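What follows is a short report on a single structure.
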Amino acid sequence: MSSKVPKYDEAYVWVWLPGETAPVVAGRLYAHDGLVSFNYGRSFRE
Numbered sequence: 865m866s867s868k869v870p871k872y873d874e875a876y877v878w879v880w881l882p883g884e885t886a887p888v889v890a891g892r893l894y895a896h897d898g899l900v901s902f903n904y905g906r907s908f909r910e
């Protein structure tokens, strides 16, 4: 039996804004070709 290790290449970043009770998605981290990039989420920019 062999086990396969999952490959994780992205993660969502959540933040609690001042005065709010629920978090919003600040953005997404993703890895590609040895680099890690961050894209801001729409809900965080508004």
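Here our numbering is used: the first residue of the sequence shown is 865, the next is one more, and so on. We treat Cβ as the ideally placed atom computed from N, Cα and C, and that holds for glycine. All of these numbers come straight from a predicted model, not from anything done at the bench.
Using the DSSP secondary-structure output, state which residues sit across from residue i in a beta bridge.
i: G905; result: G905 is not bridged to any residue.
i: L899; result: H896
Would residue i and residue j be called neighbours here (beta carbons separated by less than 7 Å)?
i: V877; j: A886; result: no
i: V888; j: F902; result: no
i: E874; j: Y904; result: no
For residue i, which residues from the same chain have a beta carbon less than 7 Å from its beta carbon, with the 5 sequence-adjacent residues on both sides left out?
i: W880; result: P887
Can you find the residues in the same chain that come closer than 8 Å, C-beta to C-beta, to residue i, ignoring five residues on each side of it along the sequence?
i: R892; result: E874, A875, Y876, V877, F902, N903, G905
Those runs of the beta strand (DSSP E) which lie wholly inside the segment 871-896 and span at least 3 residues: When DSSP assignments are scanned along the segment 871-896, the uninterrupted stretches of beta strand (DSSP E) that are 3 or more residues long and fall wholly within it turn out to be 874-879, 888-896.
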